[in-house]
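Engineer:
There are 2 protein chains.
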Amino acid sequence: MRILLVEDEKKVAEFVARGLRAERFAVDVANDGPSGLEMATTYSYDLLLLDLMLPGLSGTEVLKRIRRQNAKLPVLVLTARDGTAEKVEHFEAGADDYLTKPFAFAELLVRVKALLRRGATDRSSVLRVADLEVDRLSQQVRRAGKRIELTSKEYSLLEYLASNAGRVLSRTMIIEHVWDESFEGLTNIVDVYVRHLRSKVDVMHPVKLIRTVRGVGYSINAEPEP
Amino acid sequence: MRILLVEDEKKVAEFVARGLRAERFAVDVANDGPSGLEMATTYSYDLLLLDLMLPGLSGTEVLKRIRRQNAKLPVLVLTARDGTAEKVEHFEAGADDYLTKPFAFAELLVRVKALLRRGATDRSSVLRVADLEVDRLSQQVRRAGKRIELTSKEYSLLEYLASNAGRVLSRTMIIEHVWDESFEGLTNIVDVYVRHLRSKVDVMHPVKLIRTVRGVGYSINAEPEP
DNA sequence: ATGTTTCATTCAGGGCACTTTAATGCGGAG
DNA sequence: CTCCGCATTAAAGTGCCCTGAATGAAACAT
Chain A
0 MRILLVEDEK KVAEFVARGL RAERFAVDVA NDGPSGLEMA TTYSYDLLLL
50 DLMLPGLSGT EVLKRIRRQN AKLPVLVLTA RDGTAEKVEH FEAGADDYLT
100 KPFAFAELLV RVKALLRRGA TDRSSVLRVA DLEVDRLSQQ VRRAGKRIEL
150 TSKEYSLLEY LASNAGRVLS RTMIIEHVWD ESFEGLTNIV DVYVRHLRSK
200 VDVMHPVKLI RTVRGVGYSI NAEPEP
Chain B
0 MRILLVEDEK KVAEFVARGL RAERFAVDVA NDGPSGLEMA TTYSYDLLLL
50 DLMLPGLSGT EVLKRIRRQN AKLPVLVLTA RDGTAEKVEH FEAGADDYLT
100 KPFAFAELLV RVKALLRRGA TDRSSVLRVA DLEVDRLSQQ VRRAGKRIEL
150 TSKEYSLLEY LASNAGRVLS RTMIIEHVWD ESFEGLTNIV DVYVRHLRSK
200 VDVMHPVKLI RTVRGVGYSI NAEPEP
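Structure follows, in structure tokens:
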């Protein structure tokens with residue numbers, strides 16, 4: 000899951016980003032409105048965290064422009080003030096939820112997860128593919144009931160594959176969802192991580208779930224075809 | 000002892016939270032009903048402080064739903080009005096006690112302590128993880144029956160870990176609970192205290208309870224995973 | 001006051017796990 | 001056979017984590 004955080008206060012940005020990364024989100028940080036706007040429109044995110052007290056371009060304006068391009072992106076607004084008039088303004092500008100500073104990280108996390116859950120088509124937090132279980136809340140993975148320890152990137156990749164089970168995902172799509180913005184050029188990083196995953200998920204089982212589709216990408220299937 | 004405060008007025012929330020923290024309670028704050036409900040059901044608390052004048056989901060509704068999940072959690076309701084009809088309504092909804100605004104902090108504290116004491120009689124105040132015992136009333140810690148002397152911060156950290164045994168806690172969450180300051184820059188204070196704890200709790204025992212989850216945080220487990 | 005002890009915190013080093021790059025091996029398609 | 005795409009492995013790079021020591025702060029005793 001990728002999150003864009005637009006926040007000019009460095010300390011707050013660091014704090015929030017660090018906390019979210021520990022929850023295995025891929026977090027990009029923009030320090031002002033214009034770059035936030037650019038990143039939001041250039042890359043694809045699952046959620047936008049937007050501070051409204053920005054220097055230069057006003058946060059509300061940024062939000063409106065992003066909405067023009069992407070109406071479905073969940074947006075959680077961070078704001079310093081707490082007036083009723085502003086609340087209405089936020090929602091009219093296109094915020095899905097808001098949080099006033101100072102806030103506790105625990106509450107931010109709860110709201111972030113709530114928005115992501117709402118956006119997801121399937122509401123169950125556990126993804127199932129054959130005897131593979133991916134619990135998105137506790138971020139635990141089991142195969143045939145037995146726990147599997149995954150690193151951060153391995154987990155993100157598996158979650159992305161499992162949440163699109165049956166569909167073939169190209170390397171480009173995978174990189175876009177699992178890795179953050181600092182990625183360019185030709186790399187076989189996806190191949191390498193697919194191998195890591197296979198060695199942990201598929202290697203001990205006769206039924207291989209992760210399938211290679213030559214010339215296209217990878218997919219995870221309950222019933223691999225011959 | 001962990002307290003969840005659900006209160007939409009920032010100033011009141013800050014005031015109460017600060018006062019309770021000075022009394023060495025670990026306080027989480029939620030600013031509205033839905034996130035309060037979410038936090039109450041995700042984490043474990045010893046007491047719930049609930050403002051009934053909430054935007055969105057009504058406080059009474061929140062209370063009912065929490066009661067459905069956790070019948071024993073002591074709940075102290077904060078309310079603005081004081082009609083007899085409402086009193087009855089509160090108790091019917093599942094409040095254990097209530098307090099009308101404006102209130103003095105001293106009175107709040109008295110009631111909080113009373114509720115916790117009452118709850119302590121039927122619920123054990125001792126947290127157990129394998130052969131580790133954390134007595135939250137006397138703040139004494141034992142491992143394999145033998146007493147361990149901890150400093151204040153060491154104890155707070157251990158209690159937070161033990162009260163969420165099995166769950167992985169990120170550094171961000173730990174800092175927020177054990178140290179009051181949010182938004183502190185990069186610090187490895189948590190790492191250092193985990194080390195202190197290990198040297199007192201784990202070092203003499205073959206079974207290590209405190210586990211590092213790289214890139215994520217720490218957790219305390221009765222049965223460490225392979 | 002001054003010194004002593006204990007606790008809280010910061011800092012820097014080194015090590016290791018994870019991430020990423022890059023090179024090589026393998027196999028099917030034409 | 002040769003090319004192309006994928007698999008595999010090794011190894012470099014990076015960042016995170018652990019540790020020990022030093023500093024600062026606070027409580028206590030002299």
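So the protein lines, in turn, are chains A and B. With numbering that gives the first Met the number 0, letter number 191 in the first sequence gets 190, and the count goes up by one each step, no holes. With numbering that gives the first Met the number 0, letter number 206 in the second sequence gets 205, and the count goes up by one each step, no holes. Beta carbons: idealized from backbone N, C-alpha and C, even for Gly.
Show which residues of chain B have a CB atom less than 7 Å away from the CB atom of alanine 250 of chain A.
Structural biologist: Since the first residue shown for chain A is 0 and the last is 225, residue 250 of chain A is missing from the structure and cannot be characterised.
Engineer: Curious, which full-length beta strand (DSSP E) runs of at least 3 residues does the stretch 104-169 of chain A contain?
Structural biologist: Whole beta strand (DSSP E) segments, 3+ residues: 125-128, 131-134, 139-142 and 145-147.
Engineer: If you measure beta-carbon to beta-carbon, which residues of the stretch 20-35 of chain A are closer than 9 Å to chain B?
Structural biologist: If the cut-off is 9 Å between Cβ atoms, the stretch 20-35 of chain A has Arg20, Ala21, Glu22 and Arg23 near chain B.
Engineer: Using three-state DSSP, classify threonine 99 of chain B as helix, strand or coil.
Structural biologist: Threonine 99 of chain B: strand per DSSP, three-state reduction.
Engineer: Using beta-carbon positions only, say whether threonine 171 of chain B and phenylalanine 24 of chain A come within less than 8 Å of one another.
Structural biologist: Not a contact, by the Cβ cut-off of 8 Å.
Engineer: Please identify, using Cβ separations under 7 Å, the residues of the stretch 158-180 of chain B that lie next to chain A, in order along the chain.
Structural biologist: If the cut-off is 7 Å between Cβ atoms, the stretch 158-180 of chain B has Ser169, Arg170, Thr171, Met172 and Glu175 near chain A.
Engineer: Please state whether the Cβ-Cβ distance between leucine 46 of chain B and leucine 77 of chain B is less than 8 Å.
Structural biologist: Not a contact, by the Cβ cut-off of 8 Å.
Engineer: Evaluate contact between the stretch 189-197 of chain A and the stretch 151-168 of chain A, counting only Cβ atoms and requiring at least three cross-stretch pairs below 8 Å.
Structural biologist: Verdict: yes, contact present.
Engineer: Closer than 7 Å by beta-carbon distance: list the chain A residues that pair up with glutamate 37 of chain B, in chain order.
Structural biologist: Ordered by position in chain A, the residues that pass the 7 Å Cβ test against glutamate 37 of chain B are Val109 and Ala113.
Engineer: On the three-state DSSP scale, how would you describe serine 34 of chain A?
Structural biologist: Reduced to three states, the DSSP call for serine 34 of chain A is helix.
Engineer: So the candidates are A:Tyr97, A:Tyr217 and A:Val74; which of them puts its Cα closest to the Cα of alanine 161 of chain A?
Structural biologist: That would be A:Tyr217, whose Cα lies nearest to the Cα of alanine 161 of chain A.
Engineer: With a CB to CB cut of under 8 Å and the five nearest residues on each side skipped, what residues in its chain are close to aspartate 201 of chain B?
Structural biologist: Within the same chain, aspartate 201 of chain B has close Cβ partners Lys207, Leu208 and Ile209.
Engineer: Sort B:Tyr42, B:Glu60, B:Phe102 and B:Glu175 by Cα distance to proline 101 of chain A and report the nearest one.
Structural biologist: Closest option to proline 101 of chain A, Cα to Cα, is B:Glu175.
Engineer: Counting pairs of Cβ atoms below 8 Å between the stretch 3-20 of chain B and the stretch 29-41 of chain B, do you hit three or more?
Structural biologist: With the cut-off at 8 Å, the stretch 3-20 of chain B and the stretch 29-41 of chain B touch.
Engineer: Which word fits histidine 89 of chain B, buried or exposed, when buried means at least 16 other C-beta atoms lie within 10 angstroms of its C-beta?
Structural biologist: Its Cβ being crowded by 16 or more others within 10 Å, histidine 89 of chain B is buried.
Engineer: Along chain B, which residues have their Cβ under 9 Å away from the Cβ of arginine 1 of chain A?
Structural biologist: Within 9 Å Cβ-Cβ: nothing; arginine 1 of chain A doesn't reach chain B, min ~17 Å.
Engineer: Using Cβ-Cβ distances below 7 Å, what residues of the stretch 2-18 of chain B are close to chain A?
Structural biologist: So the close ones are Lys9.
Engineer: Rank A:Phe182, A:Asp50, A:Gly144 and A:Gly18 by C-alpha distance to the C-alpha of aspartate 31 of chain A and give the top, closest one.
Structural biologist: For the residues A:Phe182, A:Asp50, A:Gly144 and A:Gly18, the minimum Cα distance to aspartate 31 of chain A belongs to A:Asp50.
Engineer: Report the CB separation of aspartate 95 of chain A from leucine 108 of chain A in whole angstroms; it is logged as a contact under 8 Å.
Structural biologist: Not a contact, Cβ separation roughly 16 Å.
Engineer: What residues are listed by DSSP as bridge partners for isoleucine 2 of chain A?
Structural biologist: According to DSSP, isoleucine 2 of chain A bridges with A:Val26 and A:Leu46.
Engineer: Classify leucine 72 of chain A as helix, strand or coil using the three-state DSSP reduction.
Structural biologist: Of the three classes helix, strand and coil, the one that applies to leucine 72 of chain A here is coil, per DSSP.
Engineer: What residue from A:Ser43, A:Val61 and A:Arg17 has the CA that sits closest to proline 33 of chain A's CA?
Structural biologist: Proline 33 of chain A has its Cα closest to that of A:Val61, out of A:Ser43, A:Val61 and A:Arg17.
Engineer: Just the C-alpha distance for glycine 214 of chain A and glutamate 8 of chain B, rounded to the nearest angstrom, thanks.
Structural biologist: Roughly 57 Å between the two C-alpha positions.
Engineer: Whole-angstrom Cβ separation of glutamate 106 of chain A and leucine 98 of chain A, contact assumed at under 8 Å?
Structural biologist: Glutamate 106 of chain A to leucine 98 of chain A, Cβ: 7 Å. Contact.
Engineer: Could you tell me the distance, in whole angstroms, from the CA atom of asparagine 69 of chain B to the CA atom of tyrosine 42 of chain A?
Structural biologist: C-alpha separation (whole angstroms): 43 Å.
Engineer: List the residues that DSSP assigns as beta-bridge partners of valine 212 of chain A.
Structural biologist: Answer by DSSP bridge pairing, in chain order: A:Gly216.
Engineer: Quick one: is glycine 58 of chain B near chain A, going by C-beta distance under 8 Å?
Structural biologist: No, no contact with chain A.
Engineer: Tell me which residue opens and which closes the alpha helix (DSSP H) that glycine 18 of chain A is part of.
Structural biologist: Its alpha helix (DSSP H) spans residues 9-21.
Engineer: Which residues in the same chain as threonine 59 of chain A place their Cβ atom closer than 6 Å to its Cβ, once the five residues preceding and following it in sequence are excluded?
Structural biologist: Correct list, in chain order: Ala92.
Engineer: Less than 8 Å separating the beta-carbons of leucine 131 of chain A and arginine 142 of chain A?
Structural biologist: Result yes, Cβ atoms of leucine 131 of chain A and arginine 142 of chain A sit closer than 8 Å.
Engineer: Quick one: what does DSSP say leucine 51 of chain A is sitting in, helix, strand or coil?
Structural biologist: In the structure shown, leucine 51 of chain A sits in coil (DSSP, three-state: anything other than H, G, I, E or B).
Engineer: On the criterion of 16 or more Cβ atoms from any shown chain inside 10 Å, does alanine 221 of chain A qualify as buried, or is it exposed?
Structural biologist: Result: exposed.
Engineer: Work out the CA separation of proline 73 of chain A and arginine 110 of chain A for me, nearest whole Å.
Structural biologist: In a straight line, the C-alpha of arginine 110 of chain A is about 11 Å away from that of proline 73 of chain A.
Engineer: Taking 8 Å as the cut-off, decide whether the C-beta atoms of aspartate 179 of chain A and valine 26 of chain A are in contact.
Structural biologist: Yes, they are a contact pair.
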